[in-house]
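Counted from 1, the sequence shown has number 803 at position 208 by the working numbering; the numbering is strictly sequential. Built from N, CA and C at the ideal position, the CB exists for glycine as well. So the structure is just underneath, and the comments pick up after that.
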Amino acid sequence: MTTLAGRTPLTRGSAQPTEDGILRLFATPSAWVVMVIASSAYGVVLSKSSLLSTGHMLLTFVVFGAVTLVARSPDLLLAVTVYCGLCDVLWRETSARGPYEAAKYLLVIGFTVLAVRFVRRAQLSPFAFALVALLVPGAMVGVWRLGPLVAREYLVAYLAGLVAIAAALWGCGNLRLSTTEVRGLYTIALSPIVAVTAVATSSTLGAGQIEFSDDVSFVASGGFGPNQVSSVVCFGALLCLLVVLQPKVGASTRILAMVTAVWLVGQGILTFSRGGLFGLVLAIGSIVLAAMTSAGHRSRALSFAVVVVVLATFILSWAASFTGGSSEKRFSSVDSTNRVAIAGDDVRLFFQHPILGVGVGLSKTERATWSGVAPHTEYTRLLAEHGLFGVGVILVLAAASIRLVRRAAGWGRMATTALIVMSLSQMVHSATRIGSIAVAFALASLIVDGSTRQPVGEPAH
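Written out as structure tokens, the structure reads:
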């Protein structure tokens, strides 16, 4: 089993342990402060010029390529891959001129290289390979019906996220990190998310008086899709809250993480996109439930729940005042903005084409009512476009999730459960459009020292 920070590998034939400890450098309070300030600054700067944003994308490509070629330890490659995978919303928000799905490409490449170079006995590889194999029939139907040139666009848009999840399971399922290294990795992951939030906050403050309505706010989202912005900033808030819950963390780190979380959630609310916030609520609920099943964590979970309720009350009250009461109306509404109707049409397509489905990319043109509308719910898209093989994909995701939760313990179980819940809930309203969905699975796949049950057949540490 691959390890980080110079600890002894758990199995024969595993990767060489790293000695540079780069993740530990980002686990300090000072590193957190520098990350927030620097990320906010470069986010706002990139929003001023698409040329600068494109330059950031190209520089990221160059650094990523260099690291994949010369990295001698898994932690540097892991950190760079996670950072790149979370840059997609930033690049879209700041109008970078490059491949729309670039972040997912980098996730697939990075996690695959991680698995090939540093992991020899990948515990989760059966799930990864099964997931990819089950996507092939639907992809072939799509190519046959649309032609390879037209189908390519849909294959990339609809399958890249799932392939990235498979690569994450393969590449990260055997990496063992300390809680300090995990905290450093979370700090790195937060950098592009903080940049996105800074752009949205700058846009909100620069707009003067905003007329909020019962619809999403592009102004408070930095001029880009509120659904994606809300999803990624709430994912960042979850990472902050998990840092707050880590054992043996200093008070300064907890305070910094909590303040950052409040900022992210507050900006997420102002987007008026409900998906990210609802996913965060579910993830927090799963943290409490996981803690109640872990000895020694119940009191901490209850204290955490009380603090979250108090802060949530404050944030919601502030948002209601800032938006003139519009936020209360928006988040109390049960209108699904046609997502339920679209999902219903997808289910009907499944029963009409139960074996292979209609093919990747065909559901939006085959629907009887909502023709031409891109799918938003990944689970019903899988049914409509992949048929029974789509059912298989859902079952593999469920089985992998259960495996990850069962092998974790303590804080690791809380983190794993919350990350998986966040990822799976985002698929309900955002399909697999953003890289944070695969990154969440990658972080959930990591084995945390002191927070993981000994796998059957593995020698003791």
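- Taking 7 Å as the cut-off, the beta carbon of G861 is found closer than this to the beta carbon of I910.
- Annotation: P949 is outside any alpha helix (DSSP H) and is labelled neither H nor E by DSSP.
- By the CB criterion at 7 Å, G987 and L764 fall outside the cutoff.
- The Cβ atoms of L837 and L875 do not sit closer than 7 Å to each other.
- Pairing V758 with S634 gives a Cβ-Cβ distance that is not under 7 Å.
- Going by DSSP, S958 is part of the alpha helix (DSSP H) stretching over S958 to E961.
- By the C-beta criterion, the stretch 677-689 is judged to be in contact with the stretch 1025-1035, since at least 3 inter-stretch pairs fall below 8 Å.
- With fewer than 16 other Cβ atoms from the protein chains shown falling within 10 Å of its own Cβ, A963 counts as exposed.
- For S773 and N933, the gap between their C-alpha atoms comes out near 44 Å.
- In the DSSP assignment, Y695 falls outside any alpha helix (DSSP H) and carries neither an H nor an E.
- Going by C-alpha positions, R747 is about 9 Å away from A734.
- Pairwise C-beta distances place the stretch 1013-1030 in contact with the stretch 966-975, as three or more of them are shorter than 8 Å.
- Ranked by how close their Cα comes to the Cα of A979, the residues R943, F1036, G1005 and A1003 have R943 in first place.
- The secondary-structure analysis by DSSP pairs I1042 across a beta bridge with R771.
- Taking 7 Å as the cut-off, the Cβ atoms of T792 and L859 count as close.
- For a cut-off of 8 Å, the C-beta gap from L709 to P669 is around 6 Å, short enough to register as a contact.
- A straight line joining the alpha-carbon of V905 with that of L884 spans about 19 Å.
- When the Cα atoms are used, G870 and V658 turn out to be separated by approximately 33 Å.
- Using a C-beta cut-off of 8 Å, the stretch 990-1008 makes contact with the stretch 1037-1045, since at least three inter-stretch Cβ pairs fall below that distance.
- In the three-state reduction of the DSSP assignment, A1004 falls in the coil class, being assigned neither a helical nor a strand state.
- Selection R740, V640, S648 and L671 evaluated against L618 yields L671 as nearest (Cα-Cα).
- With a beta-carbon spacing of about 20 Å, L840 and R771 fall beyond the 8 Å limit used to define contacts.
- Within its own chain, the residues whose Cβ lies closer than 8 Å to the Cβ of S922, once the five positions on either side in sequence are excluded, are F807, I864, L865, F867, L911, A914 and A915, listed in chain order.
- For L653, same chain residues with a beta-carbon under 6 Å away, outside a window of 5 residues either side, do not exist.
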